[in-house]
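Engineer:
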Amino acid sequence: MNKIKKEKTNWKPVLDPTQTKMETAFVIGRTIAIESLIKQILVQYISPQKDRLPFLKDIILNNSMLNLGAKIKAFLFLVETNNWKKIDENHFHTILRIRNSFAHSDTTILVTLSEVSYLLDSFHSGKLKKVKRKDALHEFTQSYVLVKKYLHGILKSIEDTGS
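Written out as structure tokens, the structure is:
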């Protein structure tokens, strides 16, 4: 029986900054920023004893333990029960939906006489459709800016008043 000789190789990732990679990194990075703000709000609201803070931050609110969707649900519960200023929840759904599209969708190219468009798959309202990456990026950015500003306001309010 012939044995395959294993060669030691040092593979390196291809990190050329293509437009699609930069767009994907932008969307994922901004989604992480939103998640970080929500985690800060939850920690501030819970106000654990100092010796229990690492357990809350590093274990309970760890992204591997509690996903962003669950954190958003917990946050929205606090918005309702504390009568905090509200925001259209669809902005959170938009961020999650478009983040998932950028992270998990194959990019296809549509060439017409007037333009070349890069498309990605998007599930919205139970329907799968192809959307232009630039349109999805624009929609994401609008929701991101509103949600980020909103979350900063909530965090400041909690820090100032304790609730």
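Numbering-wise, numbering that gives the first Met the number 0 puts 71 at position 72 of the sequence shown, and it's gapless, one number per residue.
Beta carbons are placed, not taken as given, at the ideal position from N, Cα and C, and that holds for glycine.
#1: Quick check on DSSP: helix, strand or coil for Ser142?
#2: Once the 5 residues before and after Phe101 are set aside, which same chain residues still bring their CB inside 6 Å of it?
#3: On a Cα-Cα basis, can you pick out the residue from His103, Leu118 and Ser104 that is closest to Val110?
#4: Taking 8 Å as the cut-off, does the segment 27-42 touch the segment 83-101 (at least 3 CB pairs, one atom from each stretch)?
#5: Going by C-alpha distance, which of Leu95, Glu88 and Thr8 is nearest Tyr149?
#6: Write down every uninterrupted run of the alpha helix (DSSP H) in the segment 7-78 whose length is 4 residues or greater and which is fully enclosed by it, in chain order.
#7: When DSSP labels each residue in this structure, what does Ser104 get in the three-state scheme?
#8: With DSSP as the reference, label Lys131 as helix, strand or coil.
#9: From Ser124 to His92, what does the alpha carbon distance come to, in whole angstroms?
#10: From the DSSP secondary-structure annotation, give me the bridge partner or partners of Tyr117.
#11: Between Leu75 and the rest of its own chain, which residues show a CB-CB distance below 7 Å, the 5 nearest in sequence each way excluded?
#12: Under 8 Å by Cβ, that's how I've got Leu95 and Ala73 pegged, so tell me the actual separation to the nearest angstrom.
#13: What's the call for Arg51, buried or exposed, on a 16-neighbour Cβ count within 10 Å?
#14: Taking Asn61 as the reference, give the member of Ser46, Glu79, Lys38 and Tyr44 with the closest Cα.
Structural biologist: The relevant details are as follows:
#1: Here Ser142 carries a helix assignment [DSSP, helix/strand/coil].
#2: Taken in chain order, the residues that qualify are Thr23 and Val26.
#3: In terms of CA proximity to Val110, Leu118 leads the group His103, Leu118 and Ser104.
#4: Inter-segment contact for the segment 83-101 and the segment 27-42 is present: three or more beta-carbon pairs are separated by less than 8 Å.
#5: Ranked by Cα distance from Tyr149, the first of Leu95, Glu88 and Thr8 is Glu88.
#6: Taking only runs of at least 4 residues, the alpha helix (DSSP H) segments lying wholly in the segment 7-78 are 18-45.
#7: Residue state, collapsed to three classes: coil.
#8: Reduced to three states, the DSSP call for Lys131 is strand.
#9: Rounded to whole angstroms, Ser124 and His92 show a C-alpha spacing of 11 Å.
#10: DSSP, once it has assigned bridges, lists Ile108 as partnering Tyr117.
#11: Cβ neighbours of Leu75 within its own chain (closer than 7 Å, five residues either side excluded): Glu88.
#12: Not really, about 15 Å apart at Cβ, beyond 8 Å.
#13: Classification for Arg51: exposed.
#14: Among Ser46, Glu79, Lys38 and Tyr44, the Cα nearest to that of Asn61 belongs to Lys38.
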